[in-house]
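Asks:
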Amino acid sequence: MASRSGSAIARVLLVVSGLIVLGVAFLYTRLPRPEADRVEAALDVVGVDTGGAFAWILRTPHGAALIDAGLDPKAEAILTELRHQGLGPDDVHTVLLTHGHADHFGGAGAFSKAKVYVGADDAAFVRGEATPKGAIQSLFRRFAPEPARPAPSAIATLRGGETLEVDGISLKVIAVPGHTPGSLMYLHEGLLFTGDSLVGRDDGRKVGLVPASLSADADQNERSLRPLLALPFTAIADGHTGVVADARQKLARLLGKDRAGRP
10 MASRSGSAIA RVLLVVSGLI VLGVAFLYTR LPRPEADRVE AALDVVGVDT
60 GGAFAWILRT PHGAALIDAG LDPKAEAILT ELRHQGLGPD DVHTVLLTHG
110 HADHFGGAGA FSKAKVYVGA DDAAFVRGEA TPKGAIQSLF RRFAPEPARP
160 APSAIATLRG GETLEVDGIS LKVIAVPGHT PGSLMYLHEG LLFTGDSLVG
210 RDDGRKVGLV PASLSADADQ NERSLRPLLA LPFTAIADGH TGVVADARQK
260 LARLLGKDRA GRP
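If you want it as structure tokens, here you go:
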């Protein structure tokens, strides 16, 4: 009798686990899809799809910086693009993470010469000392590849408000808590790297948020977007679709503003 009961419980657990996995898969299909495997965002910026999440390669005078490092722990798509540009992994001197989800930092450890910047409240996720909030993220970690974590000594933390000088190029750091507690954006010459805190929708005709169940605090995420209207950006390079033009005006519409004003 006990054996039958145990078998029944095991079958129920198997079914429940299967339904949860299907639910996670469904939620990730609701993320906007990449517009292409390779996207040119500006003369010095190229985005590559690493398996559903973009990594952005920013050429600098003496190598390259990455904005996010993608899902693939081997960083193969990034390395392929670097080779196309005549560069190798040791030429990547900086990795700027938008947040501490593994589909954005998973390849960071493949660049052993790089200094890795992350929001202070997400640093523990990247180090493997803590896990992001939510059952969805827990299941994602179970089924996603094990990330290539950077060495702890390579990690530096940011709070937002800083201006980073990266090999002669300036990037403004903006704190946008909500998707994760330590989510950041980076502004480079009118192009705003937004990670998952603001993404393209409807083939770039709109901007929006990722599904609320994929964020730590979707309401806080939306509140964090309002100060962006004061920034001088025209386009975004996000974590899942590519580049969205006229993004500041589209953000104003998303937030219910009549006009975006002028930077």
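By our numbering, the letter at position 91 of the sequence shown is numbered 100, and the numbering carries on one by one without gaps.
Don't be surprised by glycine CBs; every beta carbon is placed ideally from N, CA and C.
The structure presented is a predicted model; accordingly, all values stated were derived computationally and were not measured.
1) Run the CB neighbour count on A254, radius 10 Å, all protein chains shown included, and call it buried at 16 or more, exposed below.
2) Apart from the five residues just before and just after D53, which ones in its own chain have a Cβ nearer than 7 Å to its Cβ?
3) Could you tell me whether the Cβ atoms of T166 and V104 are closer together than 8 Å?
4) Between which residues of its own chain and R150 is the CB-CB distance below 7 Å, once the five residues before and five after are set aside?
5) Report buried or exposed for A160, applying the criterion of at least 16 other Cβ atoms within 10 angstroms of its Cβ.
6) Less than 8 Å separating the beta-carbons of A74 and H113?
7) Kindly indicate which residue of D205, G115, L180 has the alpha-carbon position closest to the one of L223.
8) Using three-state DSSP, classify L36 as helix, strand or coil.
9) Does Q146 pass the burial test, meaning 16 or more other C-beta atoms within 10 Å, or should it be called exposed?
10) DSSP three-state call for L31: helix, strand or coil?
Replies: Per the coordinate set shown:
1) Here residue 254 corresponds to residue number 245 of the sequence shown, with the count starting at 1. Looking at its Cβ environment, which holds fewer than 16 other Cβ atoms inside 10 Å, A254 is exposed.
2) On the sequence shown, position 44 is the one that residue 53 refers to. For D53, where only same-chain residues beyond five positions count, the Cβ hits under 7 Å are L67, R68.
3) Taking the sequence shown and counting its residues from 1, one reaches residue 166 at position 157. Taking the sequence shown and counting its residues from 1, one reaches residue 104 at position 95. Their beta carbons are not under 8 Å apart, which means T166 does not touch V104 by this criterion.
4) Here the question's residue 150 lines up with position 141 in the sequence shown. Only A111, T140 meet the Cβ criterion.
5) Residue 160 sits at position 151 when you count from the first residue of the sequence shown. It counts as exposed.
6) Taking the sequence shown and counting its residues from 1, one reaches residue 74 at position 65. Taking the sequence shown and counting its residues from 1, one reaches residue 113 at position 104. No, the pair does not count as a contact, with Cβ atoms beyond the cut-off.
7) Within the sequence shown, the letter at position 214 stands for residue 223. Cα-wise, what sits closest to L223 is D205.
8) The residue given as residue 36 occupies position 27 in the sequence shown. A caution first: L36 carries a pLDDT of 44, below 50, which makes its placement in the model unreliable, though a value can still be read off. Helix, per DSSP.
9) The residue labelled residue 146 in the question sits at position 137 within the sequence shown. Classification of Q146: buried, given that the 10 Å Cβ count is 16 or more.
10) Stepping through the sequence shown from its first residue, residue 31 is reached at position 22. Here the model assigns L31 a pLDDT of 42, short of 50, so the residue's position is not dependable, and the following value carries that caveat. L31 falls in the helix class under three-state DSSP.
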